[in-house]
Amino acid sequence: MTRHDQQGNNGNSGKNGSGTGGRPVRREPTDRQVANGRTVNERTASGPTPGRPTAPGPTTTPEPPERKESAGHQRGRTPLSAPWVRTRLRTARGAALALALLVAFTAALAAGLPLAVDGLRDEGLRHSVADASPARAAIRFSAPQPHPNLSMAQREKALRGAALRKGYADVVDALRAPLAADDAHSSYGVRTAEPPETLEDWLPEPRGLRPRFSLTAQQGLDAHAEVREGRLPRAGGAVTAESPGVEAVVSRETARRLKIKTGAVLRMPGVVRDPVAVRITGIVDPKDPDGPYWATQPLLRTPALVRVPSTVPDPPVYWLGALLLHPDAAPVLLGAEGSPERYWNLAPDATGLAGGELDRAQAALASTVNGTALLDARRAIDVNTVADTELDEVLTEYGKLRDGVLPLVAVAAFGTGTVALVVLLMAGGLAAGRRRAELTVLRARGASLRGLGGRLLAETAVVAVPAGALGLALALLALPGGRWPLAVLAAAAVTLVACLALPVRALAAHRAVRIGADREDLTTTRPSRRRTVAELTLLVLAVGAVVVLRQRGSGGGGLVALAPALIGVIAALVLVRLYPLPLRLLAGPTRRLRGLMGHLALARTARGPASAVLPLLALLTALTTAAFGGSVLTGITETRDRAALLSTGADARINAGEPFSDGESRRIREVAGVESVTGATVDYDAVALGVPPGDPSERPSGAAAAAASGGSEDSEARVPLAVVDARAYAELSERLGVGAFPARTLTDGTKQTRVVPALASPATAERLGREPVTLRVDGERITVRVAAVRPVTPAVRTADFLVVDARALGGPLRPTSLLLTGRQLDGAALRKAAGPDTIVHLRDAERARYADSPLQTGAERVYAAAVAAGAGFAALALLLALARTAPERTALLARLRTMGLTRRDGRRLLVLESLPQALLAAGGGVLAGWAAVRLLAPGTDLTAVALASVSGAGALPSGVAGLRPDPVSLLLPALAVVALTVGVAAVQAWWTGRRDAVRELRLGDER
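First residue of the sequence shown: 4, per this note's numbering; consecutive thereafter.
The structure is reproduced here in structure tokens:
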């Protein structure tokens, strides 16, 4: 070959490879060069490779200076190549947008949960403190009268307004954070610690005992009282201990009950002096009778009948009221009987309390009552200053409510979180499956695992990180004020899982370089040893969680909250292992069928990927959580309904101090909505002679307990006795489903013997036995015998009760309580028909009282939202599973259509192919949900979340607040899964039938 020919060949080579006209032309990098991270131009720009000779370049024509400068500038910078991330985002915009929406929604839910729970805890604690009665919530400081060794002037000065205001500032300063006083509702003043007996004999004297009055000089009377008659009291001049008299006012209720009129003078005994004359200058009404100013000391607005401590069956009583003096008239109490004392009642400020500071609040309260804060108050006021409060009980009740509610919310949160985690993993798996061929080619051309994983992580992070930040921002804007570090951590966890799902799944599938992937059919693939070990580990954790929850309850920790989700996971793993068995058993019979659809659908189901465990895991976990959550919500509703029914005894209850007349009963029966009226008389003073008393906690409280405080309580048992009309009461019990019994139980045998048959509670029957027992009722004695035992009865809500027939006692029924049944009963109309001095209880109002805490109602909303979110994620998991096989199904239908398959048969094929897994998930979900409820019911207490306080369940029999499987919660989600699966398959078949079969076949088939 001549040199000219060689130059010609070089010229042609340069023309074909380097450029035209002697100018070099830039070549596009190959896939292998891109995968190795460097192009040929990059290697050329960096210089010759050591140890390798440099090939002679083509001959080029000299270029102009400006062209040389441009070419040199181009050779000096990185050659132009499309960035990986930008290219992927441009070619898969829909997938990137879907991933961003999924991550943003999941991050918003994950971040919003701790924020919502914090808000509920704050509202719950503030509501518990604000809703408690002022007498319970107030922090009460008191100090005795100044020491007698002081001069009278010093003692009088200590009782005047300036000294009391300074004392108020001192006790407020003694409070420890987070406790604070509400100045607008706090009160302080001077009162007689031992109310003296008046010297007037014209006042009401029940049983011959004169009334007693508490002389009270409380600050701020003019701001909290409204004058109805006369005027407010005045302190003319400087009132001292020797002042002959002072002015006072009384409340309207005190004036009405004690027959006091404006201008009356009440003489109170003095100490080494003449009686103190108290002139009544007016009658006032409290502006806020239930506010802390009046309700902390109810005696200021309402007098009370007080029983004298005595051992006689019916001890005498006397009236106890309050005379409200001018604040500057307090020194006169030094000369009157009654031992004056200074007091400061601090109303707590609930607005500054936070649910997360409950322990700090309890510690501060303990320091106030008996700690360093009390020592500070004693140093500032008096060494004998004492503090007392029932606010600690309020905080303890809230703590029990919180400990009972939050674990149930955690159960729903962990279940939904598990489903969301599975969905994120499925999204990554779907992306990895769609790009399997691409990643296989890159690995075959030399791409390293590190480089490939880094590129996949980068393209996922570009989408997931902004989406996670957006979800976090939405949660913080929607729910401000919570613990934002937990919200940030939750959103970051979601974002991290979304970023790692695709790279980890891709790297696990392409660890080894291979050209084709092995088949992993569902019926032929055997689980690996690692999978078996992982499944056994989950099984051990699930068993441990169930055992701990049954023994310790729902507050046993995070593992316990995972119990329902773990049960769903275990059920999914078991069903995946058992799934091939029915498919193999059905393979033979379907071959003998005349049609082709059944055999083809079953064959395609059997050839499904073994990785279908993730969709089934998501579905079963969601169905188990939904069944458990629905059963919890249904149990809460049933518990409240049952508790309200047991509290009122019927749809409505009317109590009166005197027996109802026939006319009053008739008027009440004629009220709109009333269907039946049943009378009863309940006597809490019935004494079982010769029977020792039981547990005092089982005895009635309130007025009934006060009425039963004397007599032979220490030696004989008191049993609430209900006298009823046997037939009407039996019908009522059967209609309500509360302690139903046949009427003959209370009527048989009463004519032949003098022993009255009685219906008794289990506790009463155990104490009285089966032998006849003598009862003392209103001074008379009757002999009763326990004829039947029922756990509850409509007329009495205490744990002890006896029910007898009025005719067996030889007289007509004179009811003091009326039990009403009906729908949409009007409380105002019933009160109008019943008349004054009656108390109307409505079942609906009682039920609403059980759910008065924001923590309860908010927890129910969060629980329902978590269950709904879990259901949504489960539906998304099902759609992702169907989307993964959608191209394959489309190609199959297109191929079969070229062979004559009709559209109807195509729909049947896809529906039959998707039914086995849908039915497996639905049936497994029902069984897993039922098993979860049955296994976890013994350790799940719904009392705290269902009722306003734990103490409200004291009258509920065992089993009322239990957890039971709810058929609707079990079956409805399962049917929804089947319907969604069939619907998606039918829509896919319809859509495929409208597209061109040839075009679908050109796209290729993954199998």
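For each residue, glycine too, the CB sits at the ideal point set by N, CA and C.
Residues that DSSP places opposite residue i in a beta bridge
{"i": "Ile-283", "result": "Ala-251"}
{"i": "Ser-145", "result": "Tyr-346 and Val-389"}
{"i": "Pro-289", "result": "Ala-228"}
{"i": "Tyr-321", "result": "Val-309"}
{"i": "His-513", "result": "None; His-513 has no bridge partner."}
{"i": "Leu-724", "result": "Asp-686 and Leu-805"}
{"i": "Phe-216", "result": "Gly-324"}
{"i": "Ser-679", "result": "Thr-824"}
{"i": "Ile-657", "result": "Leu-821 and Val-843"}
{"i": "Ile-263", "result": "Partner(s): none; Ile-263 has no beta bridge."}
{"i": "Val-759", "result": "Val-787"}
Any non-hydrogen atom of the ligand COA within 7 angstroms of residue i CB
{"i": "Trp-205", "result": "Among the components of this structure there are no ligands whatsoever, and the ligand COA is therefore not found."}
Closest residue to residue i among the options (Cα-Cα distance)
{"i": "Ala-103", "options": "Thr-888, Ala-515 and Pro-469", "result": "Pro-469"}
{"i": "Thr-628", "options": "Glu-229, Pro-318, Tyr-866 and Pro-312", "result": "Tyr-866"}
{"i": "Leu-3", "options": "Asp-751, Ala-138 and Gly-239", "result": "It is not possible to answer for residue 3, since the shown part of the chain is limited to 4 through 1010."}
{"i": "Thr-750", "options": "Ala-809, Leu-724 and Glu-673", "result": "Ala-809"}
{"i": "Ala-111", "options": "Pro-775, Ala-931 and Leu-473", "result": "Leu-473"}
{"i": "Ala-659", "options": "Thr-463, Gly-115, Glu-678 and Thr-684", "result": "Thr-684"}
{"i": "Leu-212", "options": "Pro-765, Leu-327, Ala-646 and Trp-322", "result": "Trp-322"}
{"i": "Ile-573", "options": "Arg-553, Thr-624 and Pro-585", "result": "Thr-624"}
{"i": "Leu-805", "options": "Gly-772, Asn-152 and Ala-423", "result": "Gly-772"}
{"i": "Ala-653", "options": "Glu-667, Arg-800 and Glu-769", "result": "Arg-800"}
{"i": "Leu-626", "options": "Val-990, Ala-935 and Arg-259", "result": "Ala-935"}
{"i": "Leu-398", "options": "Ile-570, Pro-289, Arg-168 and Gln-365", "result": "Gln-365"}
Same chain only: Cβ atoms within 7 angstroms of residue i, ignoring 5 sequence neighbours per side
{"i": "Phe-744", "result": "Ala-733, Ser-736, Leu-762, Ala-791 and Arg-793"}
{"i": "Ala-655", "result": "Leu-823, Leu-828, Leu-833, Val-843, His-844, Leu-845 and Arg-846"}
{"i": "Ile-142", "result": "Leu-349, Pro-351, Thr-371, Ala-390, Thr-392 and Leu-394"}
{"i": "Arg-887", "result": "Leu-433 and Gly-436"}
{"i": "Ser-263", "result": "Here residue 263 turns out to be Ile, not Ser, going by the sequence shown. Here the set comprises Val-253, Thr-257 and Ile-283."}
{"i": "Ala-383", "result": "Asp-173"}
{"i": "Gly-338", "result": "Ala-244, Glu-245, Gly-273, Val-274, Arg-276 and Val-279"}
{"i": "Arg-672", "result": "Val-680"}
{"i": "Leu-475", "result": "Ala-110, Ala-114, Ala-490, Val-491 and Ala-494"}
Cβ separation of residue i and residue j, assumed to be a contact under 8 angstroms, to the nearest whole Å
{"i": "Thr-777", "j": "Leu-692", "result": "5 angstroms"}
{"i": "Val-759", "j": "Ala-836", "result": "Rounded, the Cβ-Cβ distance is 33 angstroms, inconsistent with contact."}
{"i": "Glu-360", "j": "Gly-861", "result": "About 18 angstroms separates the two Cβ atoms, so there is no contact after all."}
{"i": "Gly-294", "j": "His-130", "result": "17 angstroms between Cβ atoms; not a contact."}
{"i": "Val-279", "j": "Val-335", "result": "6 angstroms"}
{"i": "Val-635", "j": "Leu-966", "result": "7 angstroms"}
{"i": "Ala-423", "j": "Thr-109", "result": "5 angstroms"}
{"i": "Arg-179", "j": "Ala-367", "result": "4 angstroms"}
Beta-carbon proximity list for residue i, same chain, < 8 angstroms, skipping 5 on both sides
{"i": "Ile-639", "result": "Glu-863, Leu-945, Val-948 and Ala-949"}
{"i": "Thr-265", "result": "Glu-232, Gly-233, Ile-283, Thr-284, Gly-285 and Ile-286"}
{"i": "Thr-995", "result": "Arg-892, Thr-893, Leu-896, Ala-897, Gly-909 and Glu-1003"}
{"i": "Ala-992", "result": "Leu-896, Arg-906, Gly-909, Arg-910, Leu-912, Leu-913 and Val-914"}
{"i": "Arg-55", "result": "Residue confidence is low: Arg-55 scores 40 on pLDDT, short of 50, so the model does not pin down where it sits. No coordinate-derived value is stated."}
{"i": "Gly-742", "result": "Ser-736, Leu-762, Arg-793, Pro-794, Val-795, Thr-796 and Pro-797"}
Own chain partners of residue i with C-beta closer than 6 angstroms, once the 5 adjacent residues on each side are dropped
{"i": "Tyr-171", "result": "Tyr-191 and Trp-347"}
{"i": "Leu-206", "result": "Pro-214 and Leu-261"}
{"i": "Asp-121", "result": "Gly-485 and Arg-486"}
{"i": "Gly-14", "result": "Legend: pLDDT at Gly-14 = 40, less than 50; position of this residue unreliable, value from coordinates given subsequently. So no residue of the chain qualifies."}
{"i": "Val-987", "result": "Leu-885"}
{"i": "Thr-651", "result": "His-844, Arg-846 and Glu-849"}
{"i": "Leu-332", "result": "Note that residue 332 corresponds to Ala in the displayed sequence, not to Leu. Contacts found: Ala-220, Ala-238, Val-242 and Val-249."}
{"i": "Asp-538", "result": "In the sequence under discussion, the amino acid at residue 538 is Glu, which differs from the Asp named in the question. The answer, listed in chain order, is Leu-576."}
Is it the case that the region 431-443 contacts the region 161-176, given that we only count it when at least three CB pairs across the two stretches are under 8 angstroms? Not touching, per the Cβ criterion.
Is it true that the region 341-348 meets the region 150-159, where meeting means three or more beta-carbon pairs spaced less than 8 angstroms apart? no
- prompt: Are at least three pairs of beta-carbons, each pair with one atom in the region 639-653 and one in the region 899-913, less than 8 angstroms apart?
  reply: no
Exercise. Is it a yes or a no for the region 481-491 touching the region 417-424, going by three-plus beta-carbon pairs under 8 angstroms?
Worked result: no
Looking at C-beta atoms only, is the number of pairs between the region 225-245 and the region 368-387 that lie closer than 8 angstroms three or more?
no
Query raised in the report: Between the region 406-414 and the region 172-187, do three or more beta carbon pairs fall short of 8 angstroms?
Result: no
Subject >> Cβ contact check for the region 443-455 and the region 84-100: 3 or more pairs under 8 angstroms >> reply: no
Check your understanding: Do the region 502-518 and the region 142-151 touch if we need at least three Cβ pairs shorter than 8 angstroms?
Key -> no
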